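J.:
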Amino acid sequence: MHATTAAPVAAPIQSGMLSRVVSEVLSRPLAYLSIPAGASFVGLTTNWAGVKMLFYPIEYMGTDWFRETNSPYGLFGWQGVVPARTERMASRLTTVVTAKLLSLREAFSRLEPEKFAALLSPTVQESIRRDAPNGAWWAWVLGPLLPWALARVVRELQSNVDEVLDLREVVLSAFMRDKLVLVELFQKVGKVELDFLVVSGAYFGALLGMAQMALWIAVPRGWTLPIAGALVGYATNWIAIKLLFEPADPTPCGPFVLQGLFEARQPEVSSEFSTFLSERVLTSPRLIDELANGKLKTRFEQLVRSAVPFVVPDAVVAAAANGLRDLALESKTHPAHIYVEERLAIEETLCYRLQRLSPMEFEDLLHPVFQEDEIILIIVGGILGAVAGVAQARFGLGGPSTAGKLIRQSKPMYLRT
-5 MHATTAAPVA APIQSGMLSR VVSEVLSRPL AYLSIPAGAS FVGLTTNWAG VKMLFYPIEY
55 MGTDWFRETN SPYGLFGWQG VVPARTERMA SRLTTVVTAK LLSLREAFSR LEPEKFAALL
115 SPTVQESIRR DAPNGAWWAW VLGPLLPWAL ARVVRELQSN VDEVLDLREV VLSAFMRDKL
175 VLVELFQKVG KVELDFLVVS GAYFGALLGM AQMALWIAVP RGWTLPIAGA LVGYATNWIA
235 IKLLFEPADP TPCGPFVLQG LFEARQPEVS SEFSTFLSER VLTSPRLIDE LANGKLKTRF
295 EQLVRSAVPF VVPDAVVAAA ANGLRDLALE SKTHPAHIYV EERLAIEETL CYRLQRLSPM
355 EFEDLLHPVF QEDEIILIIV GGILGAVAGV AQARFGLGGP STAGKLIRQS KPMYLRT
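Each residue of the sequence shown is one higher than the one before, starting from -5 at the first, in this note's numbering.
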């Protein structure tokens, strides 16, 4: 009985409210349409602020009151999420690289021992001359034998590279020494997604602003715009982040195929990611520096000693090993570095393997940036939206210029006769 009478009553009420909303908008179109325009601006600015807060400031600014270790925020202060979480994010990224993308044994197997030895010989001979006791004499005696001895060292290195070169340390230390490196990596590979996050705030804000406008007309109260603004700021961030990564796998939806924006760009991102790592992290100077100066350097020195004839004194062998330290300081234009980077083919290997990751595995490259403190960014968007809503109601921005009068005098539409 109640069900049959409720529908006929509800329909005229809904129809009447809609017609009154339309009538109000038509009576003052610029005033009312400025509400979705204001919401669009709120969505744009809150998303822009959220993206900036992901990366900046690089160092913590503010007081350390009630701030936990590696937290981006304290009671009165903020640090970019990525710089604050550098160790955790870099560790996850390093795991992906070392476990799924790159094998040192495979990469170093591409070196030609004799050719690489010939490129190393001048630097090593100079190091012996400079650092070994009676260095000039030893450099002269060993000169003709150096290419042969160094080729033996290279072969030993190829067989035992995982024992003397810590790939995880090479990658992790690059990010930990300079937090800006990780920031620039995420900004480069995620540029399209970050731009989308900002711009989408304007579009989603405008759509939600239409509902905000209708609510303001129906209930012109002081709390209407601030609450609606908070919802706009919250929702635009939440929707945009969801669209970046969901669904991970291509999902048919009628005539369309839906997929997260980041996963859909896997070929392009793979190229950008591999180029950045090969140029900024896994360079020949950094690899050689880790061999000569890293935490496994003692094992490397033992490897060199075992590959060189016993008649050569330890002091001379140590001086020869110093040649690698000298080479690590040379620019990337040094012939040995050019050869190493060409033969290891790190960029090509990374790109090939990245393109063959599953969408879920590939997502791990960028999603951690948002996952770490996703809820904080969304809540901050809501707070900024509420502040903007207060400004709209207080100053008549995004609504009739008589907003103050409406708040004091107007009845909600559902109470009007």
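For every residue, glycine included, the Cβ atom is placed at its ideal position computed from N, Cα and C. This one's a predicted model, so the numbers in the text were calculated from it and none came from an experiment.
Please classify residue 13: does DSSP put it in a helix, a strand, or coil?
T.: helix
J.: Helix or strand or just coil, what does DSSP make of residue 250?
T.: strand
J.: I'd like the list of long-range same chain contacts for residue 27, defined as Cβ closer than 8 angstroms, with 5 residues on each side in sequence excluded.
T.: Hits under 8 angstroms: 19, 207.
J.: When the Cα of residue 219 is compared with those of 138, 202, 302, which residue comes out closest?
T.: Nearest of 138, 202, 302 to residue 219, Cα basis: 202.
J.: Helix, strand or coil: how does DSSP classify residue 197 here?
T.: helix
J.: Less than 8 angstroms between the CB atoms is what I'm expecting for residue 114 and residue 337, so what's the real figure, rounded?
T.: So it is not a contact: roughly 13 angstroms between Cβ atoms.
J.: Kindly indicate which three-state DSSP category residue 32 falls into: helix, strand or coil?
T.: helix
J.: Going by CA-CA distance only, name the one from 361, 316, 294, 268 that's closest to residue 423.
T.: There is simply no residue 423 to check, as the chain begins at -5 and stops at 411 in what is shown.
J.: Short check: CB of residue 126 to CB of residue 302, under 8 angstroms?
T.: Taking 8 angstroms as the Cβ cut-off, residue 126 and residue 302 do not qualify as a contacting pair.
J.: Residue 313 and residue 129 - do their beta-carbons sit closer together than 8 angstroms?
T.: Yes.
J.: Per DSSP, which residues does residue 67 bridge with? Please list them.
T.: 72
J.: Compare the C-alpha of residue 197 against each of 33, 21, 149 and name the closest.
T.: 33
J.: Is the separation between the beta-carbon of residue 117 and that of residue 162 shorter than 8 angstroms?
T.: no
J.: Could you tell me the distance, in whole angstroms, from the CA atom of residue 186 to the CA atom of residue 233?
T.: Their backbone Cα atoms lie some 16 angstroms apart in a straight line.
J.: Tell me, please, which residues DSSP counts as bridged to residue 56.
T.: 71
J.: For the region 45 to 64 against the region 248 to 258, are there 3 or more C-beta pairs whose distance is under 8 angstroms?
T.: no
J.: Kindly list the residues whose CB is nearer than 8 angstroms to the CB of residue 378, restricted to its own chain and excluding five residues on each side of it in sequence; keep chain order.
T.: 36, 39, 40, 43, 227
J.: I need the straight-line Cα distance from residue 13 to residue 82, nearest angstrom please.
T.: 55 angstroms
J.: Are there 16 or more other CB atoms within 10 angstroms of the CB of residue 344, so buried, or fewer, so exposed?
T.: buried
J.: By the 10 Å Cβ neighbour count, where 16 or more other Cβ atoms means buried, how is residue 350 classified, buried or exposed?
T.: That one is exposed.
J.: Based on DSSP bridge pairs, tell me the residues matched to residue 245.
T.: Looking at the DSSP assignment, residue 245 forms a beta bridge with 252.
J.: In the DSSP assignment, find the alpha helix (DSSP H) that holds residue 134 and state where it starts and stops.
T.: 129 to 136
J.: In angstroms with no decimal places, state the Cα-to-Cα distance between residue 165 and residue 86.
T.: 11 angstroms
J.: Can you name the start and end residues of the alpha helix (DSSP H) that residue 178 belongs to?
T.: Counting along the chain, the alpha helix (DSSP H) containing residue 178 begins and ends at 173 to 183.
J.: At the level of alpha carbons, what is the spacing between residue 5 and residue 264?
T.: Confidence in residue 5 is poor, its pLDDT being 49 and thus under 50, which makes the residue's placement too unreliable to answer from.
J.: Under three-state DSSP, which class holds residue 402?
T.: Confidence is the limiting factor: at residue 402 the pLDDT is only 43, short of 50, which leaves the residue's position unreliable, though a coordinate-based value still follows. If DSSP states are grouped into helix, strand and coil, residue 402 belongs with the helices.
J.: Taking 8 angstroms as the threshold (C-beta atoms), are residue 71 and residue 54 in contact?
T.: yes
J.: Given residue 310, which residues of its chain have a CB within under 7 angstroms of its CB, disregarding the five upstream and five downstream residues?
T.: 122, 126, 132
J.: Should residue 283 go down as buried or exposed, given a rule of 16 or more other Cβ atoms within 10 Å for buried?
T.: Here residue 283 is buried. Its C-beta has 16 or more other C-beta atoms within 10 Å.
J.: Going by the CB atoms, is the gap between residue 183 and residue 120 shorter than 8 angstroms?
T.: Against a cut-off of 8 angstroms, the Cβ pair of residue 183 and residue 120 comes out as no contact.
J.: Spatial neighbours of residue 175 within its chain, please: CB distance less than 8 angstroms, with the 5 preceding and 5 following residues excluded, ordered by chain position.
T.: 168, 169, 274, 275
J.: Could I get the ranges of all uninterrupted alpha helix (DSSP H) runs contained in the region 86 to 129, with 4 residues as the minimum, in chain order?
T.: If we require 4 residues or more, the alpha helix (DSSP H) runs fully inside the region 86 to 129 come out as 98 to 102, 107 to 125.
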